[in-house]
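> Line by line, the protein sequences give chains P and Z.
If you want the working numbering, it's the position in the first sequence, counting the first as 1, plus 279.
If you want the working numbering, it's the position in the second sequence, counting the first as 1, plus 16.
Every residue gets a Cβ at the ideal spot worked out from N, C-alpha and C, and that includes glycine.
Computed from a predicted model, the values in this text were never measured in an experiment.
First the structure, which I've put down as structure tokens, then a few questions once you've had a look.
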Amino acid sequence: MTANAKPKFAMYWAASCGGCEIAVLNTHEKILDVDANFDVVFWPVAMDAKYKDVEAMENGSILLTLFNGGIRNDENEHIAKLLRQKSKILVSFGSCACEGCIPGLANLSPVGDIVHTAFNTITTDNPNEIYPQTTFDAPEGELHIPKLFPVLRPLDQVVDVDYYMPGCPPESHQIAAVIDLVIKVVKGEAELPPKGATIGVGDSTVCDECPLARNVKMIKEFKRIQDIAPVDPTLCILEQGIPCNGPATRSGCNARCPQAGAQCIGCYGPAEGVMDYGARLITAFASVIDATTPEEIDHILDGIPDPTGQVYRFNLAGSLLKANREAWKV
Amino acid sequence: MSEKIGVYVCHCGTNIAGTVDVKGVAEWAAEHLKHRGVVIGRDYKFMCSSLGQELVENDIKELGLTRVIVAACSPHLHEKTFRTACERAGLNPYLCEMVSIREQVSWVHTDKVAATEKSKAAISGGVERVIHNEPLEPIQVPIHADTLVVGGGIAGIQAALEIADAGYHVCLVEREPSIGGHMAQFDKTFPTLDCAACILTPKMVEVGAHPNITLLTWSEVEKVDGFVGNFKATIRKKASYVNTDSCTGCGICWEKCPKKVVDDVFEAGMGIRKAIYRPFAQAVPKYPVMDVENCTYFKNSKCKACQLFCPTEPNSINFEQKDEILEVQAGNIILATGYDLFDATRIPQYGYGKLPNVFTSLEFERMCNAAGPTEGKIVLRDMKTAPKSVVVVHCVGSRDENYNKYCSSICCMQSLKFAHLVMERTGAEVYNCYIDIRTPSKDYEEFYKRVLEEGGHFIRGKVAEITDAARIPEEEGKLIVQVEDTLIGKQRRIPVDMVILSAGLEPRHDAKEVGKLFGIACGASGWYTERHPKLDPVATMTDGVYIAGCVQGPKDIPASVVQGAAAAARVLGKIQQGVISLEPIRASINKDQCSGCRICNGLCPFNAIAYIEDDNVSDINPALCQGCGTCVAACPAGAISGTGFSNEQIIAQIDGLLLRNLEPAGV
Chain P
280 MTANAKPKFA MYWAASCGGC EIAVLNTHEK ILDVDANFDV VFWPVAMDAK YKDVEAMENG
340 SILLTLFNGG IRNDENEHIA KLLRQKSKIL VSFGSCACEG CIPGLANLSP VGDIVHTAFN
400 TITTDNPNEI YPQTTFDAPE GELHIPKLFP VLRPLDQVVD VDYYMPGCPP ESHQIAAVID
460 LVIKVVKGEA ELPPKGATIG VGDSTVCDEC PLARNVKMIK EFKRIQDIAP VDPTLCILEQ
520 GIPCNGPATR SGCNARCPQA GAQCIGCYGP AEGVMDYGAR LITAFASVID ATTPEEIDHI
580 LDGIPDPTGQ VYRFNLAGSL LKANREAWKV
Chain Z
17 MSEKIGVYVC HCGTNIAGTV DVKGVAEWAA EHLKHRGVVI GRDYKFMCSS LGQELVENDI
77 KELGLTRVIV AACSPHLHEK TFRTACERAG LNPYLCEMVS IREQVSWVHT DKVAATEKSK
137 AAISGGVERV IHNEPLEPIQ VPIHADTLVV GGGIAGIQAA LEIADAGYHV CLVEREPSIG
197 GHMAQFDKTF PTLDCAACIL TPKMVEVGAH PNITLLTWSE VEKVDGFVGN FKATIRKKAS
257 YVNTDSCTGC GICWEKCPKK VVDDVFEAGM GIRKAIYRPF AQAVPKYPVM DVENCTYFKN
317 SKCKACQLFC PTEPNSINFE QKDEILEVQA GNIILATGYD LFDATRIPQY GYGKLPNVFT
377 SLEFERMCNA AGPTEGKIVL RDMKTAPKSV VVVHCVGSRD ENYNKYCSSI CCMQSLKFAH
437 LVMERTGAEV YNCYIDIRTP SKDYEEFYKR VLEEGGHFIR GKVAEITDAA RIPEEEGKLI
497 VQVEDTLIGK QRRIPVDMVI LSAGLEPRHD AKEVGKLFGI ACGASGWYTE RHPKLDPVAT
557 MTDGVYIAGC VQGPKDIPAS VVQGAAAAAR VLGKIQQGVI SLEPIRASIN KDQCSGCRIC
617 NGLCPFNAIA YIEDDNVSDI NPALCQGCGT CVAACPAGAI SGTGFSNEQI IAQIDGLLLR
677 NLEPAGV
């Protein structure tokens with residue numbers, strides 16, 4: 280990099296929905312600062328680029344890469360490793376890259392089942408049982424599509440990650456703040472946080488930012504939000520019997536969902552100090568159940584129809600459970 | 017790795033060495049955990065002996081150990097021993113950890129190879145854990161010299177007197193109008209047959225008059241705050257509607273009261289009292305209380321006979337009296353709230369409540385009592401006919417899978433006493449139907465012999481049924497006791513006039529709630545759990561809260577007195593210290609991470625967590641916290657950590673257990 284050349288910026292999506300990219304664009308005019316301060320070298324959603332262009336870059340030549348999406352297939356893995364090699368700062372960007380997010384829930388099912396469901400359901404008529412193959416001999420030559428891994432992995436289970444920026448997607452004001460920080464760092468006006476830090480977040484939980492009134496919690500019944508009408512807009516959602524993930528979820532979103540009268544679903548991931556998000560939540564919920572008999576406890580817990588989806592919606596692939604999931608090595 | 021760790025493996029005679037290759041384990045630790053800081057691995061026959069402890073002390077001094085692992089029994093037994101040994105050698109005691117390879121390994125396994133491997137893994141976990149231990153200092157707390165004794169039965173009375181006599185102030189709280197408890201209801205006490213009142217009432221009088229005892233009867237503890245050394249109890253003194261400043265206890269009020277009430281409490285339903293009453297003649301204090309549920313005035317605003325006839329000046333009856341809420345400070349608490357009698361109606365086949373001449377043990381006690389409803393005459397429910405034959409049924413509600421599995425401990429002797437009294441006073445034939453006769457205390461077996469010699473019949477068998485449905489003319493008008501005599505292998509039907517059910521003892525119906533109030537736990541049978549069943553039977557897991565008498569489990573009068581005195585001795589010991597050191601194993605909240613969600617607030621069994629509204633965080637009182645870890649597990653934000661049990665320590669220990677710490681070439 281010559282002295283007056285702009286630092287290079289890249290952004291990539293692996294197994295994700297694209298929401299993270301929208302969130303970046305949602306910083307409005309701040310995106311112009313990115314263009315003014317960085318040379319955007321690779322960003323498939325915004326500009327045309329080829330993998331071979333990236334492969335040709337010098338190692339460490341990209342200053343900042345925002346990597347969103349989990350590692351679901353060999354293409355994701357290849358690009359993750361490639362961008363790691365080429366980037367000085369690799370940010371695990373958004374919930375999918377940080378902890379697996381919704382695509383990570385597919386880890387509950389074998390790949391065969393997933394493909395079967397996707398290509399042979401009520402909405403997909405597949406009378407001849409045709410499923411995608413990784414290679415196909417076309418007249419023009421052999422074609423390849425990426426091979427699915429047995430499980431989806433968060434980025435840091437594949438490559439070394441410098442920073443984590445959670446959220447589904449990260450809030451635009453947090454992205455803007457991080458962009459500002461990096462620009463300051465480039466200009467020598469600020470220092471980077473220590474490697475491995477979670478950035479663009481608060482230091483407590485969603486409850487900390489939540490204005491709703493709270494009491495000592497004793498829950499007699501869990502209900503789904505659609506079964507409560509109306510939700511009291513002033514009282515802690517969890518106290519109203521709706522399983523709210525706020526108590527274990529990292530702050531940074533300004534408690535958007537509870538403020539709007541909906542339960543926190545946990546997209547900002549585990550709070551600092553939480554080792555396993557789902558385990559934390561389930562012990563917390565269990566702790567406030569107001570029951571005296573095992574039957575009563577069962578009845579109350581039955582009010583959570585999908586416990587995994589409730590407590591590991593964003594975190595399944597990144598949870599402690601991964602310790603037993605060596606399946607991807609196959 | 018900067019730590020120097022010593023690993024000591026105990027043989028515990030053959031307790032451990034019989035199943036685990038202790039020498040091999042010690043050598044393995046020294047070799048394979050060397051890279052983790054283990055500098056010495058030793059095995060020794062009895063690590064807890066003075067010589068074993070000296071091994072550790074010498075190594076600390078000579079090898080400069082910075083961490084110690086003792087692989088031996090459960091930390092419950094000897095953690096203190098080894099921590100103290102470390103302290104003597106100048107090492108902070110909390111840098112020593114025990115690894116249980118006896119309770120958790122040798123005693124539960126038979127495969128020596130596997131047990132040895134498991135011991136290695138356990139030690140490896142301990143080593144990884146101890147690396148993360150931090151030096152801790154005990155917490156010093158001053159002790160308030162007053163004691164709160166809850167329950168005025170014989171155990172509570174004994175405890176209160178011991179402490180008061182030693183010169184310290186006691187507040188004795190009793191739910192009923194008088195102290196005395198169950199013992200005051202009895203007539204004779206086994207095995208000596210001395211009169212219960214004769215030996216109890218002097219103690220009751222002493223309590224009533226003792227300058228160091230504040231007696232609060234007709235009162236209940238509603239709330240307990242604070243911690244060992246500094247408890248604050250909130251006590252409700254129920255309105256008695258009697259002004260005790262002017263009342264002389266003359267008895268005119270209850271004489272004149274027109275309302276008769278069946279006395280279900282003191283007379284066990286056998287006698288009547290008035291709406292204003294003193295439960296029995298020797299009650300302490302002597303003042304009556306008003307039963308507002310039955311008082312005519314409280315029901316329809318008419319009567320006031322008691323007030324009208326009260327001879328004192330000023331008048332002692334005050335219908336405007338209100339409950340008083342008192343606050344009492346105490347450094348220690350003794351709980352001696354006693355037991356409830358097993359409700360015999362729960363065994364329908366015994367007919368209690370339906371067949372008039374089936375009596376419970378307590379009813380029979382009242383009947384025998386000279387001051388009771390029959391003035392000591394043993395008669396049938398018609399209150400005049402003496403029985404010619406009586407069956408005493410043992411183990412009613414005890415040693416029974418359907419009710420209580422435990423032995424109520426007093427019923428054998430109580431039943432023998434009943435047999436004796438029936439024979440002595442009526443000359444009736446008496447049959448004892450028993451499962452086993454248990455007479456283990458001093459002079460008890462002799463009493464059993466005596467009853468045998470007096471002609472009591474003993475049938476070894478559990479009574480199946482008591483009925484009045486006669487099959488043959490001889491059974492007409494009788495109660496028929498159906499029982500298998502297991503010694504002769506025959507079913508018997510015994511027609512008798514009277515049956516006495518020797519009902520077992522049960523925890524108080526509200527024992528669980530009361531336990532929660534005082535921060536102590538009940539065991540599976542509902543009795544309060546002692547700190548150690550053998551070696552610390554009157555202390556509880558909550559510092560400063562002691563238990564005495566039947567709250568800890570069924571026991572007779574001598575045993576209750578012993579526990580009352582023992583609890584008092586423990587309390588006096590604490591008071592004498594002036595200051596006590598508390599284990600520094602405590603939970604604490606990282607205020608930056610706490611978001612005040614209040615999930616932990618209702619969980620603490622020791623009421624140690626408070627919510628601080630202004631800061632929107634919860635806070636733990638370190639002197640109240642007992643380090644149980646409930647809140648640590650519950651905190652969804654991971655903001656609470658337990659000293660000595662940090663995530664770091666636990667994860668490190670798990671990694672160690674899984675031998676992830678071994679170098680690749682290892683194992």
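#1: Using DSSP's beta-bridge definition, name the partner residues of Z/Ser604.
#2: Using a Cβ-Cβ cut-off of 9 Å, state whether P/Val485 counts as contacting chain Z.
#3: Helix, strand or coil for Z/Cys112? Go by DSSP, reduced to three states.
#4: Do we get a CB-CB distance below 9 Å when we pair P/Ser340 with the residues of chain Z?
#5: Could you tell me whether the Cβ of Z/Ser611 comes closer than 9 Å to any Cβ of chain P?
#6: Do Z/Lys478 and Z/Cys566 have their C-beta atoms within less than 9 Å of each other?
#7: Would you check if the stretch 483-495 of chain Z and the stretch 421-441 of chain Z touch, i.e. whether three or more CB-CB distances between them fall below 8 Å?
#8: My parser needs the alpha helix (DSSP H) runs of 4 or more residues fully inside the stretch 179-254 of chain Z; what are they?
#9: By Cβ distance, which residues of its chain are closer than 6 Å to P/Met290, with the 5 residues on each side in sequence left out?
#10: Under the three-state reduction of DSSP, which class applies to Z/Ile350: helix, strand or coil?
#11: So who's on the other strand from Z/His473, going by DSSP bridges?
#12: Any idea if Z/Gly569 is buried or exposed, counting beta-carbon neighbours within 10 angstroms, 16 or more meaning buried?
#13: Could you name the residues of the same chain whose beta carbon sits closer than 7 Å to that of P/Leu514, not counting the 5 residues immediately before and after it, in chain order?
#14: For a contact defined as C-beta to C-beta under 8 Å, what are the partners of P/Arg493 on chain Z?
#15: Please name the residue, chosen from Z/Arg191, Z/Asp181, Z/Met220, Z/Trp270, that lies closest to Z/Ala200 on a Cα-to-Cα basis.
#16: So which of Z/Ala45, Z/Glu103, Z/Pro151, Z/Leu111 has the shortest CA-CA distance to Z/Lys134?
#17: Are there 16 or more other CB atoms within 10 angstroms of the CB of P/Arg592, so buried, or fewer, so exposed?
#18: Identify, in the order they occur along the chain, each residue of the same chain with its Cβ nearer than 6 Å to the Cβ of Z/Arg294, setting aside the five sequence neighbours on each side.
#19: Go ahead and pull the three-state DSSP assignment for P/Asp581.
#20: Would you list the residues sitting across from Z/Gly165 in a DSSP beta bridge?
#21: Quick one: residues in its chain with C-beta nearer than 7 Å to the C-beta of Z/Cys326, no 5 flanking neighbours on either side, listed in chain order?
#22: Using a C-beta to C-beta distance shorter than 7 Å, which residues of chain P count as neighbours of Z/Leu619?
#23: Quick one: Cα of Z/Lys506 to Cα of Z/Ala435, how far?
#24: Check whether the Cβ atoms of P/Ala359 and P/Leu434 lie closer than 9 Å to each other.
#25: Buried or exposed for Z/Pro364, going by 16 or more other Cβ atoms inside 10 Å?
#26: In whole angstroms, give me the CA-to-CA distance for Z/Phe62 and Z/Ser122.
#27: Whose C-beta lies closer than 7 Å to the C-beta of Z/Lys275 among residues of the same chain, with five residues either side of it excluded?
#28: Residues in the same chain with beta-carbon distance under 7 Å from Z/Phe314, minus the five sequence neighbours each way, listed in chain order, please.
#29: Between P/Pro516 and P/Gln542, how many whole angstroms is the CB-CB distance? I'm expecting something under 8 Å.
#30: Given a cut-off of 9 Å on the beta-carbon distance, is the pair Z/Ala161 and Z/Ile591 in contact?
#31: For P/Lys287, which three-state DSSP category applies?
#32: Express the C-alpha separation of Z/Ala171 and Z/Leu216 in angstroms, rounding to a whole number.
#33: Measuring CA to CA, which of Z/Ser66, Z/Leu111, Z/Val55 is closest to Z/Asn149?
#34: How far does the beta strand (DSSP E) with Z/Glu664 in it reach, from first residue to last?
#35: Give me the chain Z residues within the contact set of P/Gly540, using Cβ-Cβ distance strictly less than 9 Å, ordered along the chain.
#36: Report the rounded CA-to-CA distance for Z/Glu417 versus Z/Lys248, giving the unit in angstroms.
Result, derived from the coordinates:
#1: Translated into the one-based positions of the second sequence, residue 604 of chain Z becomes position 588. Its beta-bridge partners are Z/Ser657.
#2: Locating residue 485 of chain P in the first sequence gives position 206, counting from the first residue. P/Val485 counts as touching chain Z.
#3: By 1-based counting over the second sequence, the position of residue 112 of chain Z is 96. Strand, per DSSP.
#4: Residue 340 of chain P sits at position 61 when you count from the first residue of the first sequence. Not one chain Z Cβ lies under 9 Å of P/Ser340.
#5: Taking the second sequence and counting its residues from 1, one reaches residue 611 of chain Z at position 595. Yes - at least one Cβ of chain P is within 9 Å of the one on Z/Ser611.
#6: On the second sequence, residue 478 of chain Z is found 462 positions in, with the first residue counted as 1. On the second sequence, residue 566 of chain Z is found 550 positions in, with the first residue counted as 1. Their beta carbons are not under 9 Å apart, which means Z/Lys478 does not touch Z/Cys566 by this criterion.
#7: no
#8: 212-225
#9: The count along the first sequence starts at 1 and reaches residue 290 of chain P at position 11. Excluding sequence neighbours, P/Met290 sits near Trp322, Leu345.
#10: Counting from 1 along the second sequence, the entry for residue 350 of chain Z is found at position 334. It is a strand residue.
#11: Along the second sequence, one-based indexing puts residue 473 of chain Z at 457. Answer by DSSP bridge pairing, in chain order: Z/Tyr447.
#12: On the second sequence, residue 569 of chain Z is found 553 positions in, with the first residue counted as 1. So Z/Gly569 ends up on the buried side.
#13: Here residue 514 of chain P refers to the residue found at position 235 when the first sequence is read from its first residue. So the qualifying residues of the chain are Leu491, Ala492.
#14: If you number the first sequence from 1, residue 493 of chain P lands on position 214. Ordered by position in chain Z, the residues that pass the 8 Å Cβ test against P/Arg493 are Gly612, Cys613, Arg614.
#15: Sequence index remark: in the second sequence, residue 200 of chain Z carries index 184 (1-based). Nearest C-alpha to Z/Ala200: Z/Met220.
#16: For the purposes of this step, residue 134 of chain Z is taken as residue 118 along the second sequence, with counting starting at 1. It is Z/Ala45.
#17: Counting from 1 along the first sequence, the entry for residue 592 of chain P is found at position 313. Looking at its Cβ environment, which holds 16 or more other Cβ atoms inside 10 Å, P/Arg592 is buried.
#18: Within the second sequence, numbered from 1, the residue matching residue 294 of chain Z stands at position 278. Taken in chain order, the residues that qualify are Pro304.
#19: Stepping through the first sequence from its first residue, residue 581 of chain P is reached at position 302. It is coil, neither helix nor strand.
#20: Taking the first residue of the second sequence as 1, we reach residue 165 of chain Z at position 149. The question names Gly, yet the displayed sequence has Val at residue 165 of chain Z. Looking at the DSSP assignment, Z/Val165 forms a beta bridge with Z/Leu188, Z/Ile350.
#21: For this step, residue 326 of chain Z is matched to residue 310 along the second sequence. Excluding positions up to five away in sequence, the list reads Ile268, Cys269, Ser332, Ile333.
#22: Position 603 of the second sequence, counting from 1, holds the residue named residue 619 of chain Z. Here the neighbours are Ser566.
#23: Taking the first residue of the second sequence as 1, we reach residue 506 of chain Z at position 490. Taking the first residue of the second sequence as 1, we reach residue 435 of chain Z at position 419. One C-alpha to the other measures close to 23 Å.
#24: Taking the first sequence and counting its residues from 1, the one referred to as residue 359 of chain P is at position 80. Taking the first sequence and counting its residues from 1, the one referred to as residue 434 of chain P is at position 155. Closer than 9 Å, so yes.
#25: Here residue 364 of chain Z is taken as the residue at index 348 of the second sequence, counted from 1. Per the 10 Å Cβ criterion, exposed.
#26: Within the second sequence, numbered from 1, the residue matching residue 62 of chain Z stands at position 46. Within the second sequence, numbered from 1, the residue matching residue 122 of chain Z stands at position 106. Distance between the alpha carbons of Z/Phe62 and Z/Ser122 is about 15 Å.
#27: To locate residue 275 of chain Z, count along the second sequence from 1; it is residue 259. These residues qualify, in order along the chain: Lys290, Ala291, Asn310, Cys311, Thr312.
#28: Position 298 of the second sequence, counted from the first residue, corresponds to residue 314 of chain Z. Within the same chain, Z/Phe314 has close Cβ partners Val308.
#29: One-based indexing of the first sequence puts residue 516 of chain P at position 237. One-based indexing of the first sequence puts residue 542 of chain P at position 263. Pro is not the amino acid found at residue 516 of chain P; the sequence shown has Ile there. Indeed they touch by this definition, with Cβ atoms about 5 Å apart.
#30: On the second sequence, residue 161 of chain Z is found 145 positions in, with the first residue counted as 1. On the second sequence, residue 591 of chain Z is found 575 positions in, with the first residue counted as 1. In this structure, Z/Ile591 lies closer than 9 Å to Z/Ala161 by Cβ.
#31: Numbered from 1 along the first sequence, position 8 holds the residue referred to as residue 287 of chain P. The answer is strand: DSSP assigns P/Lys287 an E or B state.
#32: Mapped onto the second sequence, residue 216 of chain Z falls at position 200. Mapped onto the second sequence, residue 171 of chain Z falls at position 155. So the two alpha carbons sit approximately 11 Å from each other.
#33: For the purposes of this step, residue 149 of chain Z is taken as residue 133 along the second sequence, with counting starting at 1. It is Z/Leu111.
#34: Along the second sequence, read from residue 1 onward, the residue named residue 664 of chain Z stands at position 648. Careful: Z/Glu664 lies outside any beta strand (DSSP E), inside the alpha helix (DSSP H) at 663-673.
#35: Translated into the one-based positions of the first sequence, residue 540 of chain P becomes position 261. In chain order: nothing, as chain Z lies at least about 18 Å away.
#36: Within the second sequence, numbered from 1, the residue matching residue 417 of chain Z stands at position 401. Within the second sequence, numbered from 1, the residue matching residue 248 of chain Z stands at position 232. Going by the C-alpha atoms only, they are around 41 Å apart.
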